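Per mature numbering (1 follows the signal peptide of the UniProt record, and there is no 0): the sequence shown = residues -28 to -1, 1 to 77.
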Amino acid sequence: MARTCAEALSPLLLIVLLLLLGAPGGTTTRGAEAQACGAQLSGLASCARFSVPPSPGQPLPAPGQECCSALGAVTRDCACGALDIITSLPAKCGLPRVRCPMNAE
């Protein structure tokens, strides 16, 4: 059965990302950057309920200030690195690549 993007990018994946990005890097600077990014991503825990698809016919609730502030604190490099990791995981697990349609918004 095909998975939707929202199902593939579940809050459980956030935990995986934190573990991957919190792993020690090859250099002190890289390790510090990974720790800083891990801390930024851990702040996104307040956004978890907004990343799960609502019941059919129900609108996605608007994120609160805590989630929006946490999202605003994630740097571009951290966000892009996390997305790179997310998109590479299925292949590493022997699963098909997740393809997401572009939002109509």
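Note that beta-carbon positions come from the ideal geometry of N, C-alpha and C, so glycine has one too. This one's a predicted model, so the numbers in the text were calculated from it and none came from an experiment.
State the Cα-Cα distance for the pair residue 34 and residue 66, rounded to the nearest angstrom. Here residue 34 refers to the residue found at position 62 of the sequence shown. Here residue 66 refers to the residue found at position 94 of the sequence shown. Going by the C-alpha atoms only, they are around 35 Å apart.
Quiz item: Taking C-alpha atoms, which residue in 59, 73, 51, 72 lies nearest to residue 16?
Solution: By 1-based counting over the sequence shown, the position of residue 16 is 44. When C-alpha distances from residue 16 are compared across 59, 73, 51, 72, the shortest belongs to 51.
message = Please classify residue 10 as buried or exposed, where buried requires at least 16 neighbouring CB atoms within 10 angstroms.
response = By 1-based counting over the sequence shown, the position of residue 10 is 38. By the neighbour-count rule (16 or more Cβ atoms within 10 Å), residue 10 is buried.
Do you know how far the Cα of residue 3 is from the Cα of residue 36? As a position in the sequence shown, residue 36 is number 64, starting the count at 1. As a position in the sequence shown, residue 3 is number 31, starting the count at 1. Rounded to the nearest angstrom, the two C-alpha atoms are 31 Å apart.
### Message
I'd like to know whether the C-beta atoms of residue 42 and residue 23 end up nearer to each other than 7 Å.
### Response
Taking the sequence shown and counting its residues from 1, one reaches residue 42 at position 70. Taking the sequence shown and counting its residues from 1, one reaches residue 23 at position 51. Contact: no.
Would you mind working out which of 47, 73, 29 sits nearest residue 5, comparing C-alpha positions? Here residue 5 refers to the residue found at position 33 of the sequence shown. Among 47, 73, 29, the Cα nearest to that of residue 5 is on 47.
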